[in-house]
Amino acid sequence: MKPRYLRPALNLPQIFLYRDPVDFRKQAHGLAVITEQELGHNPFSGALYAFTNRHRNKM
Numbered sequence: 066m067k068p069r070y071l072r073p074a075l076n077l078p079q080i081f082l083y084r085d086p087v088d089f090r091k092q093a094h095g096l097a098v099i100t101e102q103e104l105g106h107n108p109f110s111g112a113l114y115a116f117t118n119r120h121r122n123k124m
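Next up, the structure:
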């Protein structure tokens, strides 16, 4: 069986890295709230938002 990797679309308009650590138990809805309230962006804009945990060993 071949390993499968996530390949983002080649035409992402923007990529944002949220610098503060987040609790990944928030799941997608909680991260969308951070995107809207703290970054002031629309989470459905097509941009890629990247988050890390406190130890910076998960993204």
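Just so we're on the same page, the numbering used here is the position in the sequence shown counted from 1, plus 65. Glycine is no exception: its CB is placed at the ideal position from the N, C-alpha and C atoms.
Hey, residue i and residue j: beta-carbon distance below 9 angstroms or not?
i    : j    : result
F116 : V98  : no
F89  : N118 : yes
Y83  : E101 : no
Could you tell me how far apart the beta carbons of residue i and residue j are, in whole angstroms, since I believe they sit closer than 8 angstroms?
i    : j   : result
G111 : P78 : 6 angstroms
Look up residue i in the DSSP assignment and give the residues it is bridged to.
i   : result
I80 : L113
Output the boundary residues of the alpha helix (DSSP H) element that contains residue i.
i    : result
G105 : Here G105 belongs to no alpha helix (DSSP H), and DSSP marks it neither H nor E.
Could you name the residues of the same chain whose beta carbon sits closer than 8 angstroms to that of residue i, not counting the 5 residues immediately before and after it, in chain order?
i    : result
L113 : P73, L77, Q79, I80, F81
A93  : none
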